[in-house]
Structure formats: C-alpha cells, structure tokens
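Heads up, the thing below is written out as structure tokens.
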Amino acid sequence: MKNWFIVLAVACAASPAVAQDFPGAMIADFYMENFSTPKGWTLSYKGNERGTQVFVMDRDLDAFPQPGFLQPIEQLRRVMCGDEALKAMIAAGTIVRVDARDKQDGKTSVTKGPQLTRC
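Taking mature numbering (1 follows the signal peptide of the UniProt record, and there is no 0), I'd label the letters of the sequence shown as residues -19 to -1, 1 to 100.
Shown next, in the form of structure tokens:
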C-alpha cells in the first residue's frame, strides 16, 4: 500500500493542474488505513490556514484514556517523515500542524498543535 501512495503523490506533484493542491485528505486516509493508531483517535484534514496545512486529531479520552499522554504531532511525524515523497514535501517547505480535538469528561476542547517544519 505504501508504494501505491508514493506513486500517487509523485504523480500529483508532477501534474501542473494538481500541483497546487495539498493531498491532505489522502494523507489522513493513508494514515488511518496503514498505521497503527491509538484507540479512539481519528486523523482528518482541515485545510490550509495561512500557508500551514492543518490536520485535526480527534481523541476520545473518555472511552480510551490510556493513550492520552501521546502527542498528536508525533503521530503526524510518523506519516510525514516515514514516507520519502511526504518527507520531500516537508524538505521543500511544506508546513503542517495537527490540532487535538479532545473529548474528555463529556466536553470537547480544541488545542492548537505545534508546526512540523522538518523531519
């Protein structure tokens, strides 16, 4: 599956019509399908905010409090720095961030995460 993603990412980068678009939703889907994720966590792509590609990690800490000590940025680093094509995007200047949307004690809060600027 990883080879399929690399080929698709390179094809997108090579296509002038698609080169402007960041494949955030595809990256989030790739992470959810191919990586071992903490229970109760879901990664999605929010969009571009002032030049930063923003992902959101939904974490249900009520149902699954055990992985609460893990940081969403480390999960995003696994996917962005573990694949050569995505690593090249970061090296070329793409900035990504992952915010945490936590459900805890029946309430939902959003915490803006740090930026990933290098691998």
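Even glycine gets a Cβ: it sits at the ideal position worked out from N, Cα and C.
Nearest to residue i (by Cα), restricted to the options the options
| i | options | result |
| --- | --- | --- |
| Glu55 | Phe36, Ala72, Phe45 | Phe36 |
| Pro46 | Tyr26, Glu14, Met13, Gly87 | Gly87 |
| Asp41 | Trp22, Asn29, Arg78, Gln34 | Trp22 |
| Pro48 | Phe11, Pro19, Leu24 | Pro19 |
| Thr62 | Leu51, Gln52, Val77, Phe50 | One detail in the question is off: residue 62 reads as Cys in this sequence, not Thr. Nearest of Leu51, Gln52, Val77, Phe50 to Cys62, Cα basis: Val77. |
Status (buried if at least 16 other CB within 10 Å, exposed otherwise) for residue i
| i | result |
| --- | --- |
| Val60 | buried |
| Ala9 | buried |
| Gln34 | buried |
| Val(-2) | Low confidence applies here, because Val(-2) scores a pLDDT of 41, under 50, leaving its location unreliable; read the following figure in that light. Classification for Val(-2): exposed. |
| Gly28 | exposed |
| Gly94 | buried |
| Leu51 | exposed |
| Phe11 | buried |
Boundaries of the beta strand (DSSP E) in which residue i is found, first to last residue
| i | result |
| --- | --- |
| Lys68 | Segment 65 to 72 is the alpha helix (DSSP H) holding Lys68; no beta strand (DSSP E) there. |
| Lys93 | Careful: Lys93 lies outside any beta strand (DSSP E) and carries neither H nor E. |
| Asp86 | Taken as a continuous stretch (DSSP letters only), Asp86 belongs to no beta strand (DSSP E), as it is neither H nor E. |
Delimiting residues of the alpha helix (DSSP H) encompassing residue i
| i | result |
| --- | --- |
| Asp2 | From DSSP, Asp2 is part of no alpha helix (DSSP H); its letter is neither H nor E. |
C-beta neighbour in chain D for residue i, strict 8 angstroms
| i | result |
| --- | --- |
| Ser17 | No chain D appears in this structure, which consists of one protein chain only. |
**Request:** Ignoring anything shorter than 3 residues or poking outside the stretch 17 to 56, list the beta strand (DSSP E) runs there in chain order.
**Result:** 22 to 30, 33 to 41
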